[in-house]
Amino acid sequence: MKSLKSIKVKRFVISVAGVLIAYLLQCTLFDKLSLASVKPNLLLIITAAAGFMHGPRKGMLTGFFSGLIVDIMFGNVLGFYALIYLLIGYVNGRFQQLYYNEDFRLPACLIAGSEAAYGIVIYIFMFMLRSEFDFLYYLSHIILPELIYTIVAAMVLYPLILFINNKLDAEEKRSAGKIG
0 MKSLKSIKVK RFVISVAGVL IAYLLQCTLF DKLSLASVKP NLLLIITAAA
50 GFMHGPRKGM LTGFFSGLIV DIMFGNVLGF YALIYLLIGY VNGRFQQLYY
100 NEDFRLPACL IAGSEAAYGI VIYIFMFMLR SEFDFLYYLS HIILPELIYT
150 IVAAMVLYPL ILFINNKLDA EEKRSAGKIG
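Using my numbering, the letters of the sequence shown correspond one by one to residues 0 to 179.
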């Protein structure tokens, strides 16, 4: 019989592994599978899922570390992507009360909204502030294709995330039932 603490450690290790695997897939496999030089944002999917499945705190932590990895590897300013992903995790976490495992519509909408917001924020801070004002071009060539690709990837990745989460939840309930 596993204790509740060991299950929480297991959940933490799986969360860290999920972020690292998503990052590696995003930088390797999906780099080769990019369409029109766009690839899905797997870290955003992981961050959003952590938020709406487990609340703002878990979403923020997952988002912060997801963004920090991007900052360390690709960013010009340490903390820029960490802040964006942290906010995405927080906002998605605010929808935890509306989230149900059986319904894919809310997760799909939240991931799509998060991807759209992410694209707009990146445009504002990385392009518009450098006097590159062609938003419609950026919208049609970067934001919308990445949004569509991310939703397609989420349709594949989300059931796996849900399966792992349900297994861990069941383990926690069994452990809590045997303790109390």
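Built from N, CA and C at the ideal position, the CB exists for glycine as well. Predicted model only: the values in this text are computed from it and were never measured.
query: Do you know how far the Cα of Y148 is from the Cα of L105?; result: 18 Å
query: Just reading off the alpha helix (DSSP H) that L25 is part of, what are its end residues?; result: A small correction: the amino acid at residue 25 is Gln; Leu does not occupy that position in the sequence shown. Its alpha helix (DSSP H) spans residues 3-26.
query: Per the DSSP calculation, L34 is bridged to which residue(s)?; result: V37
query: Just mark P158 as buried or exposed, buried being the case when its beta carbon has 16 or more other beta carbons within 10 Å.; result: exposed
query: Tell me which same chain residues have a C-beta within less than 8 Å of the C-beta of C26, skipping the five on either side of it?; result: M72
query: My parser needs the alpha helix (DSSP H) runs of 4 or more residues fully inside the region 83-128; what are they?; result: 104-121
query: Could you pull the start and end residues of the alpha helix (DSSP H) that S130 belongs to?; result: Here S130 belongs to no alpha helix (DSSP H), and DSSP marks it neither H nor E.
query: Between which two residues does the alpha helix (DSSP H) containing I68 stretch?; result: 55-73
query: Secondary structure at L161, three-state DSSP: helix, strand or coil?; result: helix
query: Using only alpha-carbon positions, find the residue among I45, F11, S36 that is nearest to M154.; result: I45
query: May I ask you to report which of helix, strand or coil DSSP gives A48?; result: helix
query: Rounded to the nearest angstrom, what separates G17 and G50 at their Cα positions?; result: 14 Å
query: Measuring only the C-alpha atoms, how far is I83 from R56?; result: 15 Å
query: Here's the rule I'm using: 16 or more other beta-carbon atoms within 10 Å means buried, otherwise exposed. How should S14 be labelled?; result: buried
query: CB-CB under 6 Å to R268, same chain, minus the five flanking residues each way: which ones, in chain order?; result: Any question about residue 268 goes unanswered here, given that the chain covers just 0 to 179.
query: Taking A48 as the reference, which of N165, A169, K166, L161 has the closest Cα?; result: L161
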